[in-house]
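Undergrad:
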Amino acid sequence: MLVYLNGQYRPAREATISVLDRGFVFGDGVYEVWRVVHGRIFEAERHQARLQRGLSELRIVRPKEASLDGITSIAERLLRENVLGGEATVYVEITRGMAPRTHYFPPADTAPTMLVMASAFTPSDARFTGTRVITQPDVRWLRCDLKTIQLLPNVLARQAATEAGASEAIFVRDGVVTEGTHTTVFAVIDGVLRTHPANHLVLPGVTREVVLELAGEADLPVRETAIGIDELPNATELFLSGTTTDITPVLRVDDRVIGNGAPGPVARALLERLLDRMGLTTTAPISARG
């Protein structure tokens, strides 16, 4: 697999960084994942804006090639040379760069490290059939609105889900659902579509923004209000959204069945609208129809 690293295209096995890179030593960096459909980067501007905000908040100077045009050009070459037709993802990571290990910032002229990878992607049939999740305590830091590479709590929670036979873990902080390890959580309660407000406790998901737009177009009542864990028994639907998740209904949380235990009409309608916006089929594959 060909990747891009600091101005050069190399086979992945030959692309290396220094052991003194601050991303490796401190997790001092940000990342972004773009969805590619039919060779087109979906919601490119929104992803780019989130990447730029993360760099600004961490005070990492953006490499000149990390503009939207620059990333698009790099992505197109990687997609072409790696022969990635159909659907794919593009991963971009930017760290503060290589410097002696100190907790304070290195000199201002330290060059950031920039990595870009493209990978084939196959969406899950769970978008149509639904999935199971577990809850986990939200022990993350208080700047979850930044897409940093410090993901150890997410990794541990996602592993707990895997060991429990679930596909995702949703975090609970002070009695309310915040988000999943890599997803936004939505619920339909008393006929209203709800999700956690976009503050420092959750990542401002790009797909989250699109779902809220689609809900508005469908005249669905929406409130950006946190979902109490004690409200889940009243939820008629629960679903996840994300760049690689699209909209995936949740049928069970821990040992609790949501609604009637089947994908609900709101999730189905929003998924259809989302896939249409992406230029994808809205018909469930045979394997997902039962």
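If you want the working numbering, it's the 1-based position in the sequence shown plus 25.
Note that the Cβ used here is the ideal one computed from N, Cα and C, for glycine as well.
On a predicted model such as this, the values are computed, not experimentally measured, just so you know.
Please go through the same chain and pick out, in chain order, the residues whose beta-carbon is closer than 7 Å to the beta-carbon of Q175, but skip the five residues on each side of it.
TA: G52
Undergrad: Taking the CB atoms as reference points, tell me whether H207 and A251 lie closer together than 8 Å.
TA: no
Undergrad: With a Cβ-Cβ cutoff of 8 Å, do V28 and V115 count as a contact?
TA: no
Undergrad: Considering only the alpha carbon of each residue, which of V247, P131, S144 lies closest to L109?
TA: S144
Undergrad: Based on Cα-Cα distance, which residue from R47, G200, N107 lies nearest to T127?
TA: R47
Undergrad: Beta-carbon within less than 8 Å of V227's beta-carbon, same chain only, minus the 5 sequence neighbours each way: which residues are those?
TA: Closer than 8 Å at the Cβ level, and outside the excluded window around V227, lie C169, D170, T203, E204, T209, H221.
Undergrad: Does DSSP put F264 in a helix, a strand or coil?
TA: DSSP, read as helix, strand or coil, puts F264 in strand.
Undergrad: Give the single residue among G216, I195, I119, M26 whose Cα lies nearest to the Cα of N179.
TA: I195
Undergrad: Using the C-alpha atoms, what's the distance from E262 back to R281?
TA: 12 Å
Undergrad: What are the start and end residues of the beta strand (DSSP E) that includes T187?
TA: It is not in any beta strand (DSSP E) - T187 instead sits in the alpha helix (DSSP H) that spans 177-188.
Undergrad: Classify T187: buried if its beta carbon has 16 or more other beta carbons within 10 angstroms, exposed otherwise.
TA: exposed
Undergrad: Considering Cα atoms alone, identify which of L167, E256, A243, L257 is closest to N224.
TA: L167
Undergrad: Just verifying my parser: in three-state terms, what is the DSSP assignment at S312?
TA: The predicted model places S312 with a pLDDT of 49, which falls under 50 and marks its position as unreliable, so this point remains unresolved.
Undergrad: Between V275 and F264, is the Cβ-Cβ spacing less than 8 Å?
TA: Against a cut-off of 8 Å, the Cβ pair of F264 and V275 comes out as a contact.
Undergrad: With I85 and P137 assumed to form a contact (beta carbons below 8 Å), what rounded beta-carbon distance in angstroms separates them?
TA: At roughly 6 Å, the Cβ-Cβ gap stays under 8 Å, so I85 and P137 are in contact.
Undergrad: With three or more C-beta pairs closer than 8 Å as the rule, is the stretch 97-112 touching the stretch 144-154?
TA: yes
Undergrad: What does the Cβ neighbour count give for D271, buried or exposed, with the cut at 16 atoms within 10 Å?
TA: Note on D271: 16 or more other CB atoms within 10 angstroms of its CB, so buried under the neighbour-count rule.
Undergrad: Report the partner residues of I159 according to the DSSP bridge assignment.
TA: A194
Undergrad: Return the CA-CA distance between L45 and L80, expressed in angstroms with no decimal places.
TA: Approximately 20 Å, taken between the alpha carbons.
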